[in-house]
Amino acid sequence: MKSLPSLLPLIQAPMVGSFSPLAIAACRAGALGSLACAALGPDALREQIAAIRAETDAPFNLNFFSHTPPAPDEAAQARWRETLAPYYREAGLDLSAAGSGPGRAPFDDAMCQVVEELRPAVVSFHFGLPDDALLERVRRAGAMVLSSATTVEEARWLDARGVDAIIAQGVEAGGHRGMFLTDDIGAQPGLYALLPQVVDAVGVPVIAAGGIADGRGIAAAFALGAAAAQLGTAYLLTPQAGRSAIHRQAVRAARDDATRLTNLYTGRPARGLLTRFMREQGPMSPAAPAFPLATGAVDPLRAAVEKTGSGDFSLLWSGEAAALARETDAEALTRQLWDDALDCAAGLRAGMAARAG
3 MKSLPSLLPL IQAPMVGSFS PLAIAACRAG ALGSLACAAL GPDALREQIA AIRAETDAPF
63 NLNFFSHTPP APDEAAQARW RETLAPYYRE AGLDLSAAGS GPGRAPFDDA MCQVVEELRP
123 AVVSFHFGLP DDALLERVRR AGAMVLSSAT TVEEARWLDA RGVDAIIAQG VEAGGHRGMF
183 LTDDIGAQPG LYALLPQVVD AVGVPVIAAG GIADGRGIAA AFALGAAAAQ LGTAYLLTPQ
243 AGRSAIHRQA VRAARDDATR LTNLYTGRPA RGLLTRFMRE QGPMSPAAPA FPLATGAVDP
303 LRAAVEKTGS GDFSLLWSGE AAALARETDA EALTRQLWDD ALDCAAGLRA GMAARAG
């Protein structure tokens with residue numbers, strides 16, 4: 003079995019909007035830094051990789067989406083514009099500004115060429131895997147291949163296709179659900195039910211993701227069989243995360259009940275901090291076009307309202323553990339997370355030994 007090429011069994015989760023500074027900080031601390039690539043073109047990706055390599059020799063992870071783009075559906079787009087029309091009027095926007103752009107792009111030949119050219123140590127996928135030909139090219143480039151599973155069935159599917167490790171993504175996780183064999187959002191298990199079942203079901207290392215934001219969560223994941231832990235929400239208040247002032251303030255105010263799963267922003271279920279838009283139109287809505295086509299019409303509205311200082315329509319991805327995020331340097335946070343996990347594990351062992359004695 004392959005193991006992570008990083009010094010610590012920690013992965014900084016890829017998050018759209020967080021670029022090379024966060025990956026660099028995680029790498030410098032000994033974790034596996036990650037770069038979200040779905041919103042980047044090939045040239046921008048090359049620039050980000052160059053920025054990382056200019057600051058660290060450590061291995062890093064490139065993360066891609068592997069969804070199948072939906073067929074154009076003008077009727078669905080028209081219904082979506084009709085849903086958003088009152089908000090456009092309220093913001094003083096012309097509804098003709100509502101786009102129907104592609105949103106996030108899937109892994110394709112152009113991005114695969116970047117992987118072949120620059121040979122990252124790890125390539126990870128969300129929403130399954132790309133086609134066999136692209137995946138084989140990634141393997142020939144020498145990358146360790148990871149992908150996310152939200153159910154045991156998805157984990158078995160990935161294991162059968164030869165991934166090197168599986169990210170067990172509990173329903174607590176922020177951002178998009180990695181689900182690809184089901185669209186039943188109500189059947190998505192929490193991490194601490196999902197993780198041991200995935201560990202038992204597959205023959206490759208399993209990485210725990212979802213609701214982990216401190217040393218206690220890391221230690222618990224390892225107790226349930228994880229080979230590594232992936233954290234994203236824990237970093238949202240670090241200066242390297244690149245979050246907007248609106249997003250940061252929402253994270254600071256977050257409680258345990260502050261997030262919802264919503265399809266309003268992209269057309270696919272994703273966890274974020276509750277907004278007015280989510281309260282009034284969802285958080286899940288049948289009117290939202292298929293992923294990623296909802297994005298084009300929401301973006302102009304979000305941008306216009308944010309100029310007033312309001313996050314009513316902002317995309318505020320976050321996991322359920324937002325209240326545990328720390329406002330500190332990302333490199334120092336990574337080291338502290340691992341130290342805290344070791345202390346927690348040692349305390350757990352000592353406590354169990356004492357009770358057994």
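Count along the sequence shown starting at 1, add 2, and that's the number in the numbering used here.
In this text, a Cβ means the ideal position worked out from N, Cα and C, and glycines have one as well.
{"query": "In or out: P7 buried (at least 16 other Cβ within 10 Å) or exposed?", "result": "exposed"}
{"query": "Less than 7 angstroms between the beta carbons of G274 and S320, yes or no?", "result": "yes"}
{"query": "Check for me: the beta strand (DSSP E) holding T336 runs from which residue to which?", "result": "Taken as a continuous stretch (DSSP letters only), T336 belongs to no beta strand (DSSP E), being part of the alpha helix (DSSP H) at A332 to A358."}
{"query": "Less than 7 angstroms between the beta carbons of G213 and A323, yes or no?", "result": "yes"}
{"query": "CA-CA distance, L263 and I187?", "result": "9 angstroms"}
{"query": "Assuming S263 is part of the beta strand (DSSP E), what are its boundary residues?", "result": "Strictly speaking, residue 263 in this sequence is Leu, with Ser absent from that position. Element bounds for L263: T261 to T264."}
{"query": "Where do the ends of the beta strand (DSSP E) carrying F127 lie?", "result": "V124 to H128"}
{"query": "Quick one: grab the DSSP three-state call for H178.", "result": "strand"}
{"query": "Kindly indicate which three-state DSSP category I169 falls into: helix, strand or coil?", "result": "strand"}
{"query": "Would you tell me roughly how many angstroms separate the C-alpha atoms of A145 and P122, rounded to the nearest one?", "result": "6 angstroms"}
{"query": "Would you kindly work out how many angstroms separate the C-alpha atoms of P23 and A358, rounded to a whole number?", "result": "46 angstroms"}
{"query": "For A296, would you say it is in contact with chain C, using Cβ-to-Cβ distances shorter than 7 angstroms as the test?", "result": "Any reference to chain C falls outside this structure, which holds one protein chain only."}
{"query": "How far does the beta strand (DSSP E) with G35 in it reach, from first residue to last?", "result": "G35 to A38"}
{"query": "On a Cα-Cα basis, can you pick out the residue from T330, L326, D301 and A221 that is closest to S316?", "result": "D301"}
{"query": "Please report the Cβ distance between A112 and P44, rounded to the nearest whole angstrom; I am assuming they are in contact, meaning their Cβ atoms lie under 8 angstroms.", "result": "5 angstroms"}
{"query": "Would you identify the three-state DSSP class for I214, choosing helix, strand or coil?", "result": "coil"}
{"query": "Using the beta-carbon count (16 or more within 10 Å), is S5 buried or exposed?", "result": "exposed"}
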